[in-house]
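Take 3 as the starting number for the sequence shown in my numbering and just add one per residue. Note that beta-carbon positions come from the ideal geometry of N, C-alpha and C, so glycine has one too.
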Amino acid sequence: PHTIYLKDYQAPDYLIDRTELLFDLKPNATLVTSRLLVRRNPDAVKDDEAGLPALWLDGIDLELLSIAVDGALLPAQRFREEAGGLSLTVDKPEFLLEIQTRIAPESNTSLEGLYLSNGMYCTQCEAEGFRKITFYPDRPDVMSVFTTTIVAPATYPVLLSNGNKVDSGTTEDGRLRVTWEDPFAKPSYLFALVAGDLQYVEDTFTTCSGRNVKLQLFTEARNIGKCAHAMTSLKRSMRWDEEVYGREYDLDIFMIVAVDHFNMGAMENKGLNIFNSACVLASPETATDTAFQRIEAIVAHEYFHNWSGNRVTCRDWFQLSLKEGFTVFRDAEFSADMNSRAVKRIEDVTLLRTAQFAEDAGPMSHPVRPDSYMEISNFYTLTIYEKGAEVVRMIHTILGAEAFRRGSDLYFERHDGCAVTCEDFVVAMEDANNADLKQFRRWYDQAGTPVLDVQDEYDAENATYTLTFHQHTPATPGQEEKLPLHIPVAVGLLGANGDALALDESDSKEKVFHLTEATQSFTLHGINERPLPSLLRGFSAPVKLRFDYSNTQLLFLMQHDTDAFNRWDACQRLALRTLEQLQTQYRAGDVLESPTALIDGFSAVLGHTELDPALVAKMLTLPSAQEMAEQGSEIDAEAIVAAREFVRSTIAGALKSRFLTRYHALDERKAYQPTAEDIAQRSLKNTCLAYLCNTGDEDALTLAQAQFERGENMTDVSAALAALVEYGAEGVAEERLASFYQQWQHDTQVVESWFGMQSSSASFGSLGRVRQLLSHPAFELKNPNKVRAVIGGFAMRNFKQFHREDGSGYEFLADQVIALDGLNPQIASRLVTPLTRWKKYRAREAEQIQGALKRIADSGELSPDLYEVVSKSLT
Ligand code: DPP
Ligand code: ZN
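Quick look at the structure:
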């Protein structure tokens, strides 16, 4: 595999004005005929004096049957098949190119291109899957108007593609034929095709200009009862995008299809979104609140791409965050508007701090706009998505909501129908507002997580308060030198009685400081008492903030900060500090000290019955082992697990009666609804239940057992089952898991979470159990969701068992990654992630993990996906 550089970007030599595709579907021999209207690109870099350049078409795993130019077969000396594609010499600036190829969807296990899932044909083309369907300039800056005809036996009554259905009929031999036309020019990565025996639910949406849009959601018959929530979410998203961004839907029909075998969560193909079943199908009996919220967010995300991604797309894949960072920001704001804003922010920041910070400190660290890659599939990362969204959020913070909207309006208007860059986005934000984001741009090309050290000084005599910030970004692979960034820091001050202090004459209680230098001080006047600062409110920038708070000060912020996010963050800081001290004690062989400050804090939080229960639940949730690992300097897995288990069980014991009171108060019997209020109530109730069961007391386990048996909704059932599995006797856990499986074995989504619950359980999910799950009849190595549930659940969410000191967890993961690479490189290369951070572990683990990685490297020829990750990790 070779490295591709952003600096080598060149405009395409040829454009494709029209693309007509004909699919004759057969599992092992699908014929694809393409008719392409090719035209020399007037903006191409090469000039034509020495003759026209060759036309390059990407193509992988295709059997070439014929090529014709303007109706005549192209002689053999005019084309050459090379690794990865086809090179043609036509010597005309404009021509009709017809190519026929044969592909075998049935044997396509990579789930890229055209493949079969439970007998249904479907496609996944982003980023470079279209080249597995036909020879084509498979790059996002080639945008074409597509017409697609699908021919299939009558056993596939539903035949779908992008755009509007313009024709349908039957062939002479009785097969079905349907033609779709998408009037909007699009890149090949947004192409989609589905064929199957599917059912659908239908609804309509009236847009702001009064057009009626037909909405259809397709699934296999058994899942038709699980579509309502996604449909509601879709309509809400459509309305929200009109109201908040002025974006109206543009086709007469919008379709979603649920597919069981899918590498990603979902895909925003124009007019025909394809979803991983787990990210669209839900009913109260089968899906948890978390799933309901995830579905709402992903439906919105993919819908929002219609503008931020499809109407305005990326020039090249280095610009991926142009559409993903922006769209994640859009969906996060949507979810915040639909649910609790603070809780949504907490969830996003937790993910960022746990996984994105780790990525940014590891061997795959890259900027939001990378400048090189080997395999683009490896760059659908937390940095591109989550940090990219933080960068857009900072622009929103710096400019303000109205100015941001002016910027997005200009961006959409100026670039509609075009393939553009992150720079174009920033320029639109500047131009619409006369703003200067020159220094801010560094966020796009500088990798690594900035560390922000803060000191304060109070001058009682002059009533001034000064905050001094020092920013520093650690070196990352290939980027030794880092420059100061423009960091917006939202700040509030608390007085001794807990009130928010006025920060200036206009009485504002919050201010955003704009840091642009390595070290910078800001002085506030008229501050009549020594304040307690509430820093980086709402996590106004993706940095690690360090300020020397005392435990008492953190407890005070937990009680009084008006910024809900920072209230939670104070609690996290206290917990992380406590856990860190306990790790040190554990390593030194000392007696572990009871975490009294944390217990006091939790106790106070539990008493705040007026606080949003969802926020309380978040405050009571300890940082995960993964987050602890990211925060520390050297990872000692055993110490992390010991400290965390100790704190959890000590808190559980100390606050047992408070948890019980709160549990009973929240345990109302009412019909399930996925409203923010009810979800909040259930989340705190089940947080209390888990702590109660953590005591190991029989009466607590009986409570969980009763909740499990009541079977009111999947949220409560699975929380109870998870508590029984984690804290109950092994025999009890086995029995409950077996009866649960008995009841739900027909339901793929439930079986997936049943797998995940076991493999991620610290007490139950031993390597032996995980191996048993791999040979369970419902397990399929070819299904990414099941792989993620069992193998991912173990390697990414079961810190304790995965890091067993004999290194068996690492060896197991290496074996699975090697096996998967031959089937599905994208999944293999994702799954190897836990092994890539080996340098941060203590010597013994580091050596074991490195050994496992080397074994993968030496196991034979790796896919480009896996090769890139493994080789960069070993450097
Ligand atoms: N389907 C993925 C997403 O929406 C890639 N575009 O993020
Ligand atoms: Zn996306």
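Query, Result
"Determine whether the beta carbon atoms of L116 and T103 lie at a separation below 8 Å.", "no"
"Between which two residues does the beta strand (DSSP E) harbouring K188 extend?", "178-188"
"Pull the bridge partners of V453 from the DSSP assignment, please.", "H474, K546"
"Could you give the uninterrupted runs of the beta strand (DSSP E) lying entirely in the region 212-292, keeping only those of 3 residues or more?", "214-221, 255-261, 274-278"
"Taking C-alpha atoms, which residue in P490, V314, I69, I378 lies nearest to I400?", "P490"
"Could you pull the DSSP bridge partners for P535 from this structure?", "L495"
"Can you look up C573 in the DSSP assignment and give me helix, strand or coil?", "helix"
"Grab the span of the beta strand (DSSP E) containing R20 for me, first residue to last.", "16-26"
"Is it true that the region 42-50 meets the region 22-34, where meeting means three or more beta-carbon pairs spaced less than 8 Å apart?", "no"
"Just to check my reading of the structure: G131 and E114 have Cβ atoms closer than 8 Å, yes? What is that Cβ distance to the nearest angstrom?", "4 Å"
"What are the start and end residues of the beta strand (DSSP E) that includes W309?", "Neither: W309 is in no beta strand (DSSP E) and is coded neither H nor E."
"Can you tell me where the beta strand (DSSP E) holding A197 begins and where it ends?", "195-198"
"Suppose only complete runs of 4+ residues qualify. What are the alpha helix (DSSP H) ranges in the region 358-393, listed by chain order?", "359-362"
"Grouping DSSP H, G and I as helix and E and B as strand, with all else coil, what is C420?", "coil"
"Taking 8 Å as the cut-off, does the region 698-711 touch the region 312-324 (at least 3 CB pairs, one atom from each stretch)?", "no"
"Please go through the same chain and pick out, in chain order, the residues whose beta-carbon is closer than 8 Å to the beta-carbon of A430, but skip the five residues on each side of it.", "G409, S410, L412, Y413, R416, H417"
"Return the residue from the list V422, S68, I653, N826 that minimises the CA-CA distance to S865.", "N826"
"If we count the other Cβ atoms within 10 Å of its Cβ and call it buried at 16 or more, is D563 buried or exposed?", "buried"
"Measuring from the CB of M257, is there a heavy atom of the ligand DPP at a distance below 7 Å?", "no"
"Can you tell me which of A577, V493, Q561 puts its alpha carbon nearest to the alpha carbon of L538?", "V493"
"Can you tell which of H805, S831, F814 has the C-alpha that lies nearest to the C-alpha of W840?", "H805"
"Going residue by residue through the region 96-179, where are the continuous beta strand (DSSP E) segments of at least 3 residues, counting only ones entirely within it?", "96-105, 115-119, 122-126, 146-154, 160-163, 166-172"
"At a cut-off of 7 Å, would you count E711 as near the ligand ZN, judging by its Cβ distance to the nearest heavy atom?", "no"
"Alpha carbon to alpha carbon, how far is F814 from V330?", "34 Å"
"Near R296, which residues of its chain fall below 7 Å by C-beta distance, leaving aside the five closest residues on each side in sequence?", "C281"
"Consult DSSP for L921 and reduce its assignment to one of helix, strand or coil.", "Because the chain is modelled from 3 through 877, residue 921 falls outside the range shown and cannot be assessed."
"In angstroms with no decimal places, state the Cα-to-Cα distance between G758 and K874.", "29 Å"
"Since I believe A641 is in contact with Y588 (beta carbons under 8 Å), could you give me their beta-carbon distance rounded to a whole number of angstroms?", "5 Å"
"Considering only the alpha carbon of each residue, which of N265, P372, P189, N341 lies closest to N308?", "P189"
"Could you pull the start and end residues of the beta strand (DSSP E) that Q201 belongs to?", "201-208"
"Out of L487, S763, A616, which one is the CA nearest neighbour of F442?", "L487"
"Measuring CB atoms only, is the region 786-794 touching the region 60-79, in the sense that at least three cross pairs come out at less than 8 Å?", "no"
"Need the endpoints of the alpha helix (DSSP H) that G87 sits in, please.", "Element bounds for G87: not the alpha helix (DSSP H) but the beta strand (DSSP E), 87-90."
"When you compare the CB positions of A405 and N435, do they come within less than 8 Å of one another, or not?", "yes"
"Please state whether DSSP places K511 in a helix, a strand or coil.", "coil"
"Return the residue from the list N271, R579, S542 that minimises the CA-CA distance to T554.", "R579"
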